[in-house]
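If you read the sequence shown in this note's numbering, its first letter stands for residue 31, the second for the next number, and so on.
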Amino acid sequence: VAGVEHQVEVLSRLQFPGIVTLEGFHRDGGTVTLRLGDDLPTLGERTPASAAECAYLGAALGRTVGEVHRAGFAHRDLRPDTVLVDEEGRPLLSGFDRATEATAEVRQEDLRALLLLLAGLLDLLPATDVVDERRFRRRLARTLRPRRHGDVIDLSGTLAELGAEFDERSPDLSTDTPGDDLRLRIKSRMSLSRVRARPVLLVTLAVAALLYGVGINRETRPVLAPDGPVVEFDGQRYQVGRPGDVAVIGDWT
Numbered sequence: 031v032a033g034v035e036h037q038v039e040v041l042s043r044l045q046f047p048g049i050v051t052l053e054g055f056h057r058d059g060g061t062v063t064l065r066l067g068d069d070l071p072t073l074g075e076r077t078p079a080s081a082a083e084c085a086y087l088g089a090a091l092g093r094t095v096g097e098v099h100r101a102g103f104a105h106r107d108l109r110p111d112t113v114l115v116d117e118e119g120r121p122l123l124s125g126f127d128r129a130t131e132a133t134a135e136v137r138q139e140d141l142r143a144l145l146l147l148l149a150g151l152l153d154l155l156p157a158t159d160v161v162d163e164r165r166f167r168r169r170l171a172r173t174l175r176p177r178r179h180g181d182v183i184d185l186s187g188t189l190a191e192l193g194a195e196f197d198e199r200s201p202d203l204s205t206d207t208p209g210d211d212l213r214l215r216i217k218s219r220m221s222l223s224r225v226r227a228r229p230v231l232l233v234t235l236a237v238a239a240l241l242y243g244v245g246i247n248r249e250t251r252p253v254l255a256p257d258g259p260v261v262e263f264d265g266q267r268y269q270v271g272r273p274g275d276v277a278v279i280g281d282w283t
């Protein structure tokens with residue numbers, strides 16, 4: 031029970047794109063029920079098909095882990111079974127049972143685990159006789175060597191650039207593959223979407239409310255809804271509720 035409650039506490043603060051959705055939690059005595067939006071295959075069940083796709087997936091996952099670190103947590107259990115893959119090939123981080131405070135040491139643990147995870151995926155890529163693809167895989171393998179990156183954000187940026195270079199040099203290798211949408215999103219610097227996207231109207235209204243509320247009183251902090259999307263404004267992160275809920279900023283709703 032304590033482990034589940036710990037996971038709920040962590041997830042309630044991390045409901046932003048790239049993180050599995052926390053849909054519900056109920057405790058009745060010694061029984062707990064946890065509902066996550068995780069009816070999706072794991073990364074171990076849906077691996078990338080090319081070096082470019084592997085690089086882009088690693089870039090997206092590294093960015094998500096970096097956001098987790100910025101929020102004050104370290105995942106500490108990065109492996110194929112704790113990463114889900116949505117219908118468009120985008121990774122969603124799950125399995126926060128072992129999450130702890132993001133000290134420098136455990137952030138480096140996450141970086142090493144992410145490098146090992148991606149190196150394992152690279153080893154699982156199907157054999158190919160395409161010269162460019164084989165060369166790209168060797169370059170990606172060198173990129174994933176330990177001690178080449180300061181943190182996961184640094185790794186994410188390197189992988190995104192590498193994936194874009196792979197696509198530019200061999201466009202024939204990146205057409206009509208499951209990872210195309212992921213590549214386009216990362217190259218255009220768009221955030222990864224949720225498995226269940228919130229209505230655009232809700233986010234628009236939330237942003238308007240935040241702009242107004244923050245302008246009134248920049249020192250107050252919002253009351254966070256545990257399962258809403260995150261909106262950023264003026265360097266501050268705000269969380270919005272589901273349709274029908276409200277974001278509270280000071281005395282303004």
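Note that the Cβ used here is the ideal one computed from N, Cα and C, for glycine as well.
Quick caveat: nothing in here was measured; it's all calculated off a predicted structure.
Query	Result
Would you check if there are 3 or more beta carbon pairs closer than 8 Å linking the segment 123–143 to the segment 74–90?	no
Kindly indicate the opening and closing residues of the alpha helix (DSSP H) around F196.	182–199
Return the CA-CA distance between A143 and A132, expressed in angstroms with no decimal places.	15 Å
Comparing C-alpha positions only, which one of I49, G33, L192, Q45 sits nearest to R120?	I49
Would you give the residue range spanned by the alpha helix (DSSP H) that G88 belongs to?	81–100
Could you tell me which uninterrupted alpha helix (DSSP H) segments, each at least 4 residues in length, are contained entirely in the segment 143–185, listed from first to last along the chain?	161–173
For the segment 85–101 against the segment 171–189, do three or more pairs of beta-carbon atoms, one drawn from each stretch, fall closer than 8 Å, so that the two count as touching?	yes
Buried or exposed for P78, going by 16 or more other Cβ atoms inside 10 Å?	buried
Please look up how many angstroms separate the CB atoms of D127 and Q37, rounded, as I've assumed it's under 8 Å.	5 Å
Residues in its own chain within less than 7 Å of R43 by CB, not counting five upstream and five downstream?	A101
Hey, how far is the Cα of L123 from the Cα of R172?	25 Å
Is any non-hydrogen atom of the ligand ZN found closer than 7 Å to the C-beta of V34, if you look at the structure I gave you?	Absence of the ligand ZN from the depicted structure is noted, as is the absence of any ligand whatsoever, leaving it without description.
Rounding to the nearest angstrom, what Cα-Cα distance links L148 and H56 in this structure?	35 Å
Excluding five sequence neighbours on each side, which residues of the same chain lie with their C-beta closer than 8 Å to the C-beta of E39?	none
I need the boundaries of the alpha helix (DSSP H) containing V50, first residue and last residue.	No alpha helix (DSSP H) contains V50, which DSSP labels as neither H nor E.
With C-beta atoms as the reference, is V182 less than 8 Å away from V113?	no
Taking a contact to mean a Cβ-Cβ separation below 8 Å, would you say G125 touches D107 in this structure?	yes
Measure the CB-CB distance between D116 and L70 and report whether it falls below 8 Å.	yes
How is R65 classed by DSSP in three states: helix, strand or coil?	strand
In this structure, what does DSSP give as the bridge partners for A104?	T130
Using the Cα positions of R164 and P47, report the straight-line distance between them to the nearest angstrom.	32 Å
Mark D153 as exposed unless 16 or more other C-beta atoms lie within 10 angstroms of its C-beta, in which case mark it buried.	exposed
Quick one: Cα of H105 to Cα of L141, how far?	10 Å
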